[in-house]
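Position one of the sequence shown corresponds to residue 32 (our numbering), numbered consecutively onward.
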Amino acid sequence: MSETRRLLEAAKALSLLLYAHDTPHAFYGSILPAAEIFCVVEGGQHHPFRRARDSVASHEDFSSTLSPWTNRLHVRYRRVIPPIDIEILPAGEAGPRRLNDSTVMKIQGVPFLSISEFIRAKLKTWVIRGSEGDAHDITYMLSRYWNRVDINRIPEHDMNQFVTRNASAGPAWAAIRRKYGM
Numbered sequence: 032m033s034e035t036r037r038l039l040e041a042a043k044a045l046s047l048l049l050y051a052h053d054t055p056h057a058f059y060g061s062i063l064p065a066a067e068i069f070c071v072v073e074g075g076q077h078h079p080f081r082r083a084r085d086s087v088a089s090h091e092d093f094s095s096t097l098s099p100w101t102n103r104l105h106v107r108y109r110r111v112i113p114p115i116d117i118e119i120l121p122a123g124e125a126g127p128r129r130l131n132d133s134t135v136m137k138i139q140g141v142p143f144l145s146i147s148e149f150i151r152a153k154l155k156t157w158v159i160r161g162s163e164g165d166a167h168d169i170t171y172m173l174s175r176y177w178n179r180v181d182i183n184r185i186p187e188h189d190m191n192q193f194v195t196r197n198a199s200a201g202p203a204w205a206a207i208r209r210k211y212g213m
């Protein structure tokens, strides 16, 4: 089974549990190679980590590990070998504050961040870590889907800094700016 299929299977299984507990969520991760996946979860009355833990608590295919000293929650999908870890991220800190039709799109029935929100999340991570993988994902999405990017969701200063260091993203960013008359 390809890694992408394994990640989608894990995402779909977790998504079903989160939906069953009325927990808004969306996934995103690396594109090529598909090696990691994150799940952005809205809070509501309880912290997103609690909502995710409660959703998987009684399911035999999942376990969760909270690391309070690093403020991280990982959910492990054990149905596949090797198991897949999905990091749970609070909405607003990673990804948009509200997960709705304007910030989420469905792929094979699984909610993923929209193209603009994906680029925004990756750009935020790239500014902090400077990862080549994040830079590749941003450039890939910009070059292929520039016409579907909402410039209002992309921090202009961060993107200008990104384009300065990743010249191959320049033409797509210029096209987006032209589209919005900037």
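Even for Gly, the Cβ is constructed at its ideal location relative to N, Cα and C.
On a predicted model such as this, the values are computed, not experimentally measured, just so you know.
Cβ atoms of residue j and residue i: under 8 Å apart, would you say?
i: P142; j: F58; result: yes
i: E118; j: R103; result: yes
i: L47; j: H56; result: no
i: A51; j: D92; result: no
i: L154; j: V71; result: no
i: E73; j: T54; result: yes
i: W177; j: A206; result: yes
i: P79; j: P121; result: yes
i: R109; j: S94; result: yes
i: A41; j: I115; result: yes
i: A198; j: S174; result: no
i: E34; j: A83; result: no
i: Q139; j: L39; result: yes
i: V106; j: V87; result: yes
For residue i, which residues in the same chain have their Cβ closer than 7 Å to its Cβ, ignoring the five residues on either side in sequence?
i: W157; result: D165, A166, I169 and F193
i: M136; result: F143 and S145
i: R128; result: A122
i: E148; result: G126, P127, T134 and R184
i: D189; result: L154 and V158
i: R179; result: I146
i: D85; result: H52
i: T101; result: none
Mapping the DSSP letters down to three states, classify residue i as helix, strand or coil.
i: V180; result: coil
i: M213; result: coil
i: I185; result: coil
i: N191; result: helix
i: S199; result: helix
i: S33; result: coil
Excluding the five sequence neighbours on either side, which residues of its own chain have a C-beta within less than 6 Å of the C-beta of residue i, listed in chain order?
i: Y171; result: I62
i: F201; result: Correcting the residue type first, residue 201 is Gly in the shown sequence and not Phe. The answer, listed in chain order, is V194.
i: N191; result: none
Could you pull out every residue in the same chain whose Cβ sits closer than 8 Å to the Cβ of residue i, ignoring the five residues on either side in sequence?
i: S133; result: S145
i: S162; result: T156
i: T195; result: none
i: G60; result: L38, A66, E67, I68 and F69
- When the Cβ atoms of the region 172-191 are set against those of the region 203-213, are three or more pairs found closer than 8 Å? yes
- Every unbroken alpha helix (DSSP H) inside the region 118-173 [4 residues or more]: 146-160
- Item | Length-filtered (4 minimum) alpha helix (DSSP H) runs lying within the region 54-123 | 79-87
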